[in-house]
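Peer 1:
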């Protein structure tokens, strides 16, 4: 009996050791910001400057078979032009569970903010102020190991976007993607699957887009530090605009990236061509080529940078396409103490719309201080 009690006590002790205590993560930051062209309307560019104060609270915990990460945030934005002032808030939750063969995950996100710098629109922003928007997103995922090498998976997503006023178009999207992954070696895994996506405008012009098709791909760990993953597919899309249903059109889609990681640096080069929901009330293919890098000079200084080039071409007779968009951002983080960071960043955006002779450009800069302690509960 004593032996049995000792074994049970050891098992309970081991289980408790594996279950890390929940961690409360707090971030309080204050930033001075400058934006040379907040609306990107290709005319009447006006400087915007002010400050942004943010509070973020998060809670996460890793248990033997489950994990969760929950966070909420609130931003207070004050600018020299009062019509851009706003109090924004949102939250997110990531839940994971796994057994020997079955893994499940659910990501949820919601926000009530403005379109000041976060909206993709192929016709430019036509409002003279930041427009309120509400976003809800959900992404469930499940995978089951049918053998030591093979895994069946199913991913889904849903997004709901609502805007105040009639400048932008309300819409929702739904998608599902089944797949099968097979590990040929420890370093190489092949992928086979398909995807279905539906976009539907909920205001403005009646517009629905259905797209579906198969894809193949792979994930390859070329070395301990270098990883390559790619996916290529053909997708059939059909548009229904103002009650008129078009024909099915086939297009190629892809996503690929090459990532290098070391203790001090990380570099990613990639590209993708996929359906994108636009604030102007449509869903069309958008091509993105990008690169991002991070380098840690020492325990105190970290430099980050991103470059991105985008273009779209759907041959639509109703909407103008994005001719091209260049964006770049560089950020410097200085760790004053274990919980106190000094941040500075600069970004540039140049956007040209098909059929519009003049391009719009924007310069943004920020300088701030962030306090982010973590408390084990």
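In the numbering used here, the protein residues as written are 15 to 391. Every residue gets a Cβ at the ideal spot worked out from N, C-alpha and C, and that includes glycine.
Quick one: complete alpha helix (DSSP H) runs, 4+ long, within the segment 156-221?
Peer 2: The qualifying runs do not exist here; there are none.
Peer 1: Give me the Cα-Cα distance between residue 116 and residue 365, rounded to the nearest whole angstrom.
Peer 2: In the chain shown, counting from the first residue as 1, residue 116 sits at position 102. In the chain shown, counting from the first residue as 1, residue 365 sits at position 351. Their backbone Cα atoms lie some 45 Å apart in a straight line.
Peer 1: So residue 213 and residue 226 are supposed to be a Cβ contact under 8 Å. How far apart are they, rounded?
Peer 2: As a first step, residue 213 must be located in the chain shown, where it is residue number 199. As a first step, residue 226 must be located in the chain shown, where it is residue number 212. Incorrect: roughly 12 Å between the Cβ atoms, too far for contact.
Peer 1: Less than 9 Å separating the beta-carbons of residue 69 and residue 92?
Peer 2: The residue you call residue 69 lines up with position 55 of the chain shown. The residue you call residue 92 lines up with position 78 of the chain shown. Not closer than 9 Å, so no.
Peer 1: Would you mind stating whether residue 287 and residue 234 have Cβ atoms separated by less than 9 Å?
Peer 2: As a working note, residue 287 is residue 273 in the chain shown. As a working note, residue 234 is residue 220 in the chain shown. Cβ atoms of residue 287 and residue 234: not closer than 9 Å.
Peer 1: With which residues is residue 111 paired in a DSSP beta bridge?
Peer 2: For the purposes of this step, residue 111 is identified with residue 97 of the chain shown, where counting begins at 1. For residue 111, which the question treats as bridged, DSSP gives the partners 80 and 118.
Peer 1: Here's the rule I'm using: 16 or more other beta-carbon atoms within 10 Å means buried, otherwise exposed. How should residue 387 be labelled?
Peer 2: Against the chain shown, residue 387 aligns to sequence position 373. Classification for residue 387: exposed.
Peer 1: In the DSSP output, which residue or residues are listed as bridge partners for residue 54?
Peer 2: Translated into positions along the chain shown, residue 54 becomes position 40. DSSP output for residue 54 lists no bridge partner at all.
Peer 1: I'd like to confirm the pairing. Which residues does DSSP put opposite residue 235 in its beta bridges?
Peer 2: The residue given as residue 235 occupies position 221 in the chain shown. 241.
Peer 1: If you measure between the beta carbons of residue 376 and residue 49, is that distance less than 9 Å?
Peer 2: For this step, residue 376 is matched to residue 362 along the chain shown. For this step, residue 49 is matched to residue 35 along the chain shown. Yes.
Peer 1: When you compare the CB positions of residue 176 and residue 148, do they come within less than 9 Å of one another, or not?
Peer 2: Along the chain shown, one-based indexing puts residue 176 at 162. Along the chain shown, one-based indexing puts residue 148 at 134. Cβ distance < 9 Å, so residue 176 and residue 148 count as in contact.
Peer 1: List the residues that DSSP assigns as beta-bridge partners of residue 102.
Peer 2: Taking the chain shown and counting its residues from 1, one reaches residue 102 at position 88. Beta-bridge pairing links residue 102 to 89.
Peer 1: Restricting to Cα atoms, I'd like to know which of 62, 83, 356 and 51 is closest to residue 94.
Peer 2: By one-based count along the chain shown, residue 94 stands at place 80. Minimum Cα distance to residue 94 is reached at 62.
Peer 1: Taking only three categories from DSSP, how would you classify residue 295?
Peer 2: Working through the chain shown from its first residue, we reach residue 295 at position 281. The answer is coil: DSSP assigns residue 295 none of H, G, I, E or B.
Peer 1: Taking 9 Å as the cut-off, decide whether the C-beta atoms of residue 88 and residue 74 are in contact.
Peer 2: For this step, residue 88 is matched to residue 74 along the chain shown. For this step, residue 74 is matched to residue 60 along the chain shown. Taking 9 Å as the Cβ cut-off, residue 88 and residue 74 do not qualify as a contacting pair.
Peer 1: Per DSSP, residue 311 is paired with what?
Peer 2: Along the chain shown, one-based indexing puts residue 311 at 297. Beta-bridge pairing links residue 311 to no other residue.
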